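For reference, each letter of the sequence shown is one residue, going 1 to 357 in UniProt numbering. Note that CB positions come from ideal geometry on N, CA and C, so glycine has one too. Note that this is a predicted model, so its numbers are computed, not measured. Here is the structure we will look at.
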Amino acid sequence: MKTKKGVLLINLGTPDSPKVADVRKYLDEFLMDGRVIDIGAFQRNLLVRGIIVPFRSPKTAKLYQAIWDQKTGSPLLHISEVQVALLRKELGESYQVELAMRYQKPSIEEALQRLKRAMVDSIQVIPLFPQYASASTGSVIEKVMKLVAGWHTFPRISIVNQFYDNELMIETFADNARKKQVENYDHVLFSFHGLPVRQLKDVDNTGTHNCDTAFCRTQITAENKFCYSAQCHETARLIAAKLGLNTAKYTVCFQSRLGKDPWVQPYTSDTLIELAGKGVKRLLVLCPAFVADCLETLYEVTEEYGQEFKKLGGEHVELVPSLNDHPKWIEALKQMVIAEEEVGAALTKRYTKKAEV
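If you want it as C-alpha coordinates, here you go:
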(Lines of atoms letter the chains of each structure in order from A and count residues from 1; the text may use other names and numbers.)
(Lines give C-alpha, C1' and ligand atoms only; values in the text may rest on other atoms or scores of the structure.)
Protein backbone atom coordinates (compact mmCIF):
# COMPACT_ATOMS: atom_id res chain seq x y z
CA MET A 1 0.00 0.00 0.00
CA LYS A 2 1.40 3.38 -1.05
CA THR A 3 1.25 6.06 1.60
CA LYS A 4 2.14 9.72 1.54
CA LYS A 5 3.86 12.07 3.90
CA GLY A 6 2.30 15.49 4.40
CA VAL A 7 4.11 18.82 4.30
CA LEU A 8 2.38 22.07 5.22
CA LEU A 9 4.09 25.37 4.42
CA ILE A 10 2.54 28.34 6.22
CA ASN A 11 3.25 32.01 5.61
CA LEU A 12 1.74 35.08 7.27
CA GLY A 13 -1.12 36.04 4.97
CA THR A 14 -2.47 38.51 2.46
CA PRO A 15 -5.81 40.14 1.68
CA ASP A 16 -7.91 38.61 -1.09
CA SER A 17 -7.59 41.83 -3.05
CA PRO A 18 -6.24 45.36 -2.54
CA LYS A 19 -9.77 46.68 -2.03
CA VAL A 20 -10.38 48.44 1.29
CA ALA A 21 -12.99 45.88 2.41
CA ASP A 22 -10.63 42.94 1.86
CA VAL A 23 -7.71 44.73 3.50
CA ARG A 24 -9.95 45.58 6.46
CA LYS A 25 -10.91 41.91 6.81
CA TYR A 26 -7.27 40.82 6.68
CA LEU A 27 -6.06 43.42 9.18
CA ASP A 28 -8.90 42.57 11.56
CA GLU A 29 -7.97 38.88 11.67
CA PHE A 30 -4.25 39.60 11.85
CA LEU A 31 -4.30 42.26 14.55
CA MET A 32 -6.95 40.54 16.68
CA ASP A 33 -4.52 37.65 17.21
CA GLY A 34 -3.56 37.76 20.89
CA ARG A 35 0.02 36.82 20.03
CA VAL A 36 0.37 39.75 17.63
CA ILE A 37 -1.08 42.42 19.92
CA ASP A 38 -0.55 40.81 23.29
CA ILE A 39 -2.88 42.80 25.51
CA GLY A 40 -6.23 41.91 27.07
CA ALA A 41 -8.97 40.82 24.67
CA PHE A 42 -11.27 43.73 25.59
CA GLN A 43 -8.51 46.32 25.15
CA ARG A 44 -7.34 44.68 21.94
CA ASN A 45 -10.85 44.72 20.51
CA LEU A 46 -11.23 48.45 21.25
CA LEU A 47 -7.80 49.28 19.88
CA VAL A 48 -7.95 47.16 16.73
CA ARG A 49 -11.59 47.49 15.71
CA GLY A 50 -12.14 50.95 17.11
CA ILE A 51 -8.96 52.70 15.99
CA ILE A 52 -6.35 50.79 14.00
CA VAL A 53 -8.40 48.91 11.40
CA PRO A 54 -10.82 51.75 10.49
CA PHE A 55 -7.99 54.25 10.04
CA ARG A 56 -5.30 52.00 8.56
CA SER A 57 -7.37 50.00 6.09
CA PRO A 58 -7.70 52.73 3.41
CA LYS A 59 -4.00 53.63 3.72
CA THR A 60 -2.83 50.03 3.65
CA ALA A 61 -5.11 49.28 0.69
CA LYS A 62 -3.26 51.93 -1.32
CA LEU A 63 0.04 50.25 -0.49
CA TYR A 64 -1.25 46.89 -1.65
CA GLN A 65 -2.56 48.50 -4.82
CA ALA A 66 0.97 49.71 -5.54
CA ILE A 67 2.45 46.18 -5.49
CA TRP A 68 -0.53 44.14 -6.70
CA ASP A 69 0.03 42.41 -10.03
CA GLN A 70 -2.89 42.42 -12.46
CA LYS A 71 -2.17 38.83 -13.55
CA THR A 72 -0.77 37.10 -10.48
CA GLY A 73 -2.35 39.19 -7.72
CA SER A 74 -0.68 39.23 -4.30
CA PRO A 75 3.12 38.88 -4.63
CA LEU A 76 3.33 36.96 -1.35
CA LEU A 77 0.66 34.46 -2.36
CA HIS A 78 1.96 34.03 -5.90
CA ILE A 79 5.56 33.47 -4.80
CA SER A 80 4.41 31.06 -2.07
CA GLU A 81 2.44 29.07 -4.64
CA VAL A 82 5.54 28.87 -6.85
CA GLN A 83 7.61 27.67 -3.90
CA VAL A 84 5.09 24.92 -3.17
CA ALA A 85 4.97 23.83 -6.81
CA LEU A 86 8.76 23.61 -6.98
CA LEU A 87 8.97 21.72 -3.68
CA ARG A 88 6.34 19.23 -4.86
CA LYS A 89 8.45 18.57 -7.93
CA GLU A 90 11.59 18.05 -5.84
CA LEU A 91 9.98 15.76 -3.27
CA GLY A 92 8.04 13.62 -5.71
CA GLU A 93 4.81 11.65 -5.45
CA SER A 94 5.48 10.21 -2.01
CA TYR A 95 4.80 13.62 -0.48
CA GLN A 96 1.68 15.79 -0.45
CA VAL A 97 2.70 19.43 -0.08
CA GLU A 98 0.10 22.03 0.88
CA LEU A 99 0.21 25.79 1.31
CA ALA A 100 -1.63 27.85 3.91
CA MET A 101 -1.63 31.35 5.31
CA ARG A 102 -1.97 32.09 9.00
CA TYR A 103 -4.50 34.79 8.16
CA GLN A 104 -7.04 34.63 5.33
CA LYS A 105 -6.68 32.26 2.37
CA PRO A 106 -5.66 29.57 1.70
CA SER A 107 -6.58 28.67 5.28
CA ILE A 108 -4.68 26.34 7.60
CA GLU A 109 -7.91 24.48 8.38
CA GLU A 110 -8.57 23.63 4.73
CA ALA A 111 -4.97 22.56 4.14
CA LEU A 112 -5.02 20.29 7.20
CA GLN A 113 -8.30 18.76 6.07
CA ARG A 114 -6.79 17.94 2.67
CA LEU A 115 -3.90 16.19 4.38
CA LYS A 116 -6.29 14.36 6.70
CA ARG A 117 -8.43 13.13 3.81
CA ALA A 118 -5.28 11.89 2.08
CA MET A 119 -4.56 9.81 5.21
CA VAL A 120 -0.91 10.86 5.22
CA ASP A 121 1.42 9.04 7.59
CA SER A 122 2.87 12.27 8.92
CA ILE A 123 2.42 16.01 8.72
CA GLN A 124 5.45 18.25 8.83
CA VAL A 125 4.55 21.89 9.51
CA ILE A 126 7.02 24.53 8.32
CA PRO A 127 6.11 28.08 9.36
CA LEU A 128 7.95 30.21 6.79
CA PHE A 129 9.61 32.52 9.31
CA PRO A 130 13.38 31.93 9.66
CA GLN A 131 13.59 33.50 13.12
CA TYR A 132 11.22 32.32 15.85
CA ALA A 133 8.79 34.83 17.35
CA SER A 134 5.64 34.23 19.36
CA ALA A 135 3.74 36.60 17.06
CA SER A 136 4.59 34.62 13.92
CA THR A 137 5.80 31.04 14.36
CA GLY A 138 4.22 30.77 17.79
CA SER A 139 0.87 31.87 16.42
CA VAL A 140 1.06 29.31 13.61
CA ILE A 141 1.87 26.50 16.05
CA GLU A 142 -0.99 27.48 18.35
CA LYS A 143 -3.44 27.59 15.43
CA VAL A 144 -2.38 24.18 14.10
CA MET A 145 -2.62 22.59 17.55
CA LYS A 146 -6.12 24.00 18.10
CA LEU A 147 -7.32 22.71 14.74
CA VAL A 148 -6.01 19.16 15.15
CA ALA A 149 -7.04 18.92 18.81
CA GLY A 150 -10.45 17.57 17.83
CA TRP A 151 -9.16 14.88 15.51
CA HIS A 152 -9.78 11.29 16.68
CA THR A 153 -6.73 9.88 14.93
CA PHE A 154 -3.38 11.60 14.45
CA PRO A 155 -0.58 11.10 11.99
CA ARG A 156 2.85 11.94 13.36
CA ILE A 157 3.04 15.74 13.51
CA SER A 158 6.32 17.66 13.61
CA ILE A 159 7.13 21.35 13.40
CA VAL A 160 10.19 23.20 12.14
CA ASN A 161 10.10 26.11 14.54
CA GLN A 162 13.14 28.03 13.28
CA PHE A 163 15.83 27.95 10.61
CA TYR A 164 17.63 31.25 11.08
CA ASP A 165 21.04 29.65 10.53
CA ASN A 166 20.14 27.28 7.69
CA GLU A 167 23.21 27.07 5.47
CA LEU A 168 21.38 27.04 2.14
CA MET A 169 19.10 29.88 3.19
CA ILE A 170 22.16 31.95 4.14
CA GLU A 171 23.83 31.12 0.82
CA THR A 172 20.70 32.13 -1.10
CA PHE A 173 20.58 35.59 0.47
CA ALA A 174 24.32 35.97 -0.17
CA ASP A 175 23.89 34.88 -3.81
CA ASN A 176 21.12 37.42 -4.34
CA ALA A 177 23.24 40.16 -2.75
CA ARG A 178 26.24 39.35 -4.95
CA LYS A 179 24.07 39.79 -8.04
CA LYS A 180 23.54 43.38 -6.89
CA GLN A 181 27.34 43.88 -6.72
CA VAL A 182 27.70 44.56 -3.00
CA GLU A 183 31.04 46.31 -3.51
CA ASN A 184 29.30 49.18 -5.30
CA TYR A 185 27.38 50.24 -2.16
CA ASP A 186 28.56 52.36 0.75
CA HIS A 187 26.73 50.33 3.38
CA VAL A 188 24.56 47.24 3.79
CA LEU A 189 21.39 47.13 5.90
CA PHE A 190 19.88 43.96 7.31
CA SER A 191 16.34 45.11 7.99
CA PHE A 192 14.18 42.67 9.95
CA HIS A 193 10.52 42.86 10.88
CA GLY A 194 10.09 44.54 14.26
CA LEU A 195 8.58 43.29 17.52
CA PRO A 196 7.58 44.99 20.78
CA VAL A 197 10.35 44.65 23.34
CA ARG A 198 7.87 43.16 25.82
CA GLN A 199 7.49 40.10 23.57
CA LEU A 200 11.17 39.26 24.07
CA LYS A 201 11.01 39.07 27.85
CA ASP A 202 9.53 35.58 27.94
CA VAL A 203 12.16 33.80 25.84
CA ASP A 204 13.82 32.31 28.92
CA ASN A 205 12.53 30.72 32.11
CA THR A 206 12.85 33.91 34.15
CA GLY A 207 10.51 36.05 32.06
CA THR A 208 12.96 38.92 32.41
CA HIS A 209 15.15 38.40 29.35
CA ASN A 210 17.18 41.49 28.45
CA CYS A 211 19.02 41.69 25.14
CA ASP A 212 21.51 44.19 26.57
CA THR A 213 22.78 41.75 29.20
CA ALA A 214 22.29 38.50 27.25
CA PHE A 215 24.70 39.39 24.41
CA CYS A 216 21.92 39.07 21.83
CA ARG A 217 23.66 41.37 19.37
CA THR A 218 26.96 39.52 19.37
CA GLN A 219 26.40 35.77 19.78
CA ILE A 220 23.96 32.91 20.23
CA THR A 221 24.13 31.42 23.74
CA ALA A 222 22.15 28.97 25.85
CA GLU A 223 20.48 31.98 27.46
CA ASN A 224 19.38 33.83 24.32
CA LYS A 225 18.91 30.98 21.79
CA PHE A 226 15.14 31.55 21.65
CA CYS A 227 15.39 35.34 21.37
CA TYR A 228 14.12 36.78 18.09
CA SER A 229 16.63 39.62 18.19
CA ALA A 230 19.55 37.26 18.85
CA GLN A 231 18.49 35.03 15.97
CA CYS A 232 18.17 38.04 13.64
CA HIS A 233 21.67 39.22 14.49
CA GLU A 234 23.04 35.70 13.95
CA THR A 235 21.37 35.48 10.52
CA ALA A 236 22.92 38.83 9.57
CA ARG A 237 26.37 37.78 10.82
CA LEU A 238 26.26 34.57 8.80
CA ILE A 239 25.22 36.35 5.58
CA ALA A 240 27.79 39.10 6.18
CA ALA A 241 30.49 36.47 6.59
CA LYS A 242 29.52 34.91 3.25
CA LEU A 243 29.80 38.36 1.65
CA GLY A 244 33.07 39.22 3.37
CA LEU A 245 31.60 42.22 5.18
CA ASN A 246 33.22 43.52 8.35
CA THR A 247 31.09 44.92 11.17
CA ALA A 248 31.67 48.52 10.03
CA LYS A 249 30.18 47.75 6.62
CA TYR A 250 26.72 46.64 7.75
CA THR A 251 23.98 47.43 10.27
CA VAL A 252 21.15 45.33 11.72
CA CYS A 253 17.88 47.21 12.17
CA PHE A 254 14.15 46.60 12.58
CA GLN A 255 11.18 47.96 10.64
CA SER A 256 7.35 48.02 10.79
CA ARG A 257 6.77 49.23 14.34
CA LEU A 258 3.23 49.96 15.54
CA GLY A 259 2.07 52.08 18.47
CA LYS A 260 4.00 54.00 21.12
CA ASP A 261 5.49 51.12 23.12
CA PRO A 262 9.22 50.50 22.56
CA TRP A 263 10.06 47.96 19.86
CA VAL A 264 13.31 46.17 19.16
CA GLN A 265 15.94 48.71 18.15
CA PRO A 266 17.60 50.25 16.25
CA TYR A 267 14.66 51.23 14.07
CA THR A 268 15.31 51.22 10.33
CA SER A 269 14.07 54.81 10.01
CA ASP A 270 16.52 56.01 12.69
CA THR A 271 19.34 54.06 11.05
CA LEU A 272 18.67 55.83 7.75
CA ILE A 273 19.03 59.19 9.50
CA GLU A 274 22.28 58.12 11.14
CA LEU A 275 23.81 56.76 7.94
CA ALA A 276 22.78 59.78 5.88
CA GLY A 277 24.39 61.99 8.52
CA LYS A 278 27.64 60.09 8.04
CA GLY A 279 27.61 60.77 4.33
CA VAL A 280 26.43 57.35 3.15
CA LYS A 281 24.89 57.69 -0.31
CA ARG A 282 24.16 54.20 -1.61
CA LEU A 283 22.47 51.53 0.50
CA LEU A 284 21.94 47.84 -0.19
CA VAL A 285 19.12 46.33 1.89
CA LEU A 286 18.47 42.68 2.75
CA CYS A 287 15.34 41.55 4.61
CA PRO A 288 16.18 38.06 5.94
CA ALA A 289 13.00 37.73 8.02
CA PHE A 290 11.02 37.16 4.81
CA VAL A 291 11.28 34.10 2.55
CA ALA A 292 9.17 35.75 -0.15
CA ASP A 293 8.95 39.35 -1.28
CA CYS A 294 5.84 41.06 0.04
CA LEU A 295 4.46 44.43 1.14
CA GLU A 296 7.21 44.91 3.73
CA THR A 297 9.99 44.46 1.17
CA LEU A 298 8.52 45.63 -2.11
CA TYR A 299 6.91 48.78 -0.74
CA GLU A 300 8.17 49.58 2.73
CA VAL A 301 11.85 49.21 1.84
CA THR A 302 11.89 50.06 -1.86
CA GLU A 303 9.43 52.95 -1.80
CA GLU A 304 9.09 54.34 1.73
CA TYR A 305 12.68 53.96 2.90
CA GLY A 306 13.99 54.81 -0.58
CA GLN A 307 12.15 58.12 -0.60
CA GLU A 308 13.02 58.85 3.03
CA PHE A 309 16.72 58.24 2.42
CA LYS A 310 16.77 60.57 -0.58
CA LYS A 311 15.14 63.34 1.47
CA LEU A 312 17.95 62.88 4.01
CA GLY A 313 20.58 63.40 1.33
CA GLY A 314 21.14 59.82 0.22
CA GLU A 315 21.12 58.79 -3.41
CA HIS A 316 19.82 55.26 -3.72
CA VAL A 317 18.33 52.34 -1.77
CA GLU A 318 18.48 48.96 -3.49
CA LEU A 319 16.53 45.93 -2.28
CA VAL A 320 18.09 42.48 -2.48
CA PRO A 321 15.36 40.04 -3.58
CA SER A 322 14.16 37.57 -0.98
CA LEU A 323 14.56 33.78 -1.27
CA ASN A 324 11.57 33.50 -3.61
CA ASP A 325 12.09 30.69 -6.16
CA HIS A 326 15.89 30.43 -5.87
CA PRO A 327 16.93 26.76 -6.40
CA LYS A 328 19.04 26.73 -3.23
CA TRP A 329 16.04 27.83 -1.16
CA ILE A 330 13.87 25.09 -2.62
CA GLU A 331 16.67 22.64 -1.86
CA ALA A 332 16.80 24.01 1.70
CA LEU A 333 13.09 23.27 2.13
CA LYS A 334 13.58 19.80 0.67
CA GLN A 335 16.41 19.06 3.08
CA MET A 336 14.33 20.28 6.05
CA VAL A 337 11.55 17.88 5.07
CA ILE A 338 13.83 14.90 4.50
CA ALA A 339 15.84 15.52 7.68
CA GLU A 340 12.68 15.65 9.79
CA GLU A 341 11.32 12.50 8.16
CA GLU A 342 14.57 10.68 8.92
CA VAL A 343 14.29 11.71 12.57
CA GLY A 344 10.69 10.52 12.66
CA ALA A 345 11.56 7.20 11.02
CA ALA A 346 14.38 6.63 13.49
CA LEU A 347 12.08 7.33 16.45
CA THR A 348 9.41 5.01 15.07
CA LYS A 349 11.94 2.24 14.60
CA ARG A 350 13.30 2.77 18.10
CA TYR A 351 9.91 2.59 19.80
CA THR A 352 8.81 -0.35 17.66
CA LYS A 353 11.83 -2.32 18.84
CA LYS A 354 11.07 -1.44 22.45
CA ALA A 355 7.48 -2.62 22.02
CA GLU A 356 8.66 -5.91 20.56
CA VAL A 357 10.95 -6.48 23.55
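- Where Val97 is concerned, the enclosing beta strand (DSSP E) starts and stops at 95-103.
- Contact annotation: Ala289 and His187 have beta-carbon atoms that are not nearer than 7 Å.
- Here DSSP, grouped into helix, strand and coil, assigns Pro327 to helix.
- The alpha-carbon of Glu223 is positioned some 12 Å away from that of Leu200.
- Selection Ala241, Glu340, Gln219 evaluated against Gln231 yields Gln219 as nearest (Cα-Cα).
- Looking at the backbone, the Cα of Asp261 and that of Gly40 are separated by about 15 Å.
- Rounded to the nearest angstrom, the gap between the Cα atoms of Gln70 and His152 is 43 Å.
- Around the C-beta of Ser94, fewer than 16 other C-beta atoms lie within 10 Å, and the residue is accordingly described as exposed.
- In the DSSP secondary-structure assignment, Tyr250 is bridged to Val188.
- Taking C-alpha positions only, Glu341 is separated from Val280 by approximately 48 Å.
- The DSSP-derived three-state label of Asn45 is helix.
- Taking C-beta atoms under 8 Å as the contact rule, Glu183 and Lys242 fail to qualify, at a distance of about 14 Å.
- Going by beta carbons, Asp33 and Ser139 fall inside the 7 Å limit.
- Arg24 and Lys105 have their C-alpha atoms spaced approximately 14 Å apart.
- Within the same chain, and ignoring the five residues on either side of Pro15 in sequence, the residues whose Cβ sits closer than 6 Å to its Cβ are Asp22, Val23, Tyr26.
- In the same chain as Ala177, and ignoring 5 residues on each side of it, the C-beta atoms closer than 8 Å to its own belong to Val188, Ile239, Leu243, Leu284, Leu286, Val320, in chain order.
- In the structure shown, Gly13 adopts extended strand secondary structure according to DSSP, grouped into three states.
- By the CB criterion at 7 Å, Val144 and Val160 fall outside the cutoff.
- Glu167 is classed as exposed because its beta carbon has fewer than 16 other beta carbons within 10 Å across all chains shown.
- Within the region 82-163, complete beta strand (DSSP E) segments of at least 3 residues are found at 95-103, 122-127, 156-159, given in chain order.
- If you draw a straight line from the Cα of Asn324 to the Cα of Val82, it is about 8 Å long.
- Contact between the region 289-304 and the region 47-67 is established, with three or more Cβ pairs separated by less than 8 Å.
- Within the same chain, and ignoring the five residues on either side of Tyr250 in sequence, the residues whose Cβ sits closer than 8 Å to its Cβ are His187, Val188, Leu189, Phe190, Ala236, Ala240.
- If you check the CB distance, Glu308 and Arg282 do not come in under 7 Å.
- Judged by DSSP secondary structure, Leu31 falls within the alpha helix (DSSP H) whose first and last residues are 20-31.
- Counting only residues of its own chain and dropping the five nearest sequence neighbours on each side, Gln113 has no CB closer than 6 Å to any other CB.
- DSSP lists Leu284 as the bridge partner or partners of Glu318.
- Burial is judged here by how many other beta carbons sit within 10 angstroms of a residue's own beta carbon; Asn205 has fewer than 16 and is exposed.
- Just measuring C-alpha positions, the residue of Glu318, Asp28, Arg35, Lys19 sitting nearest Asp202 is Arg35.
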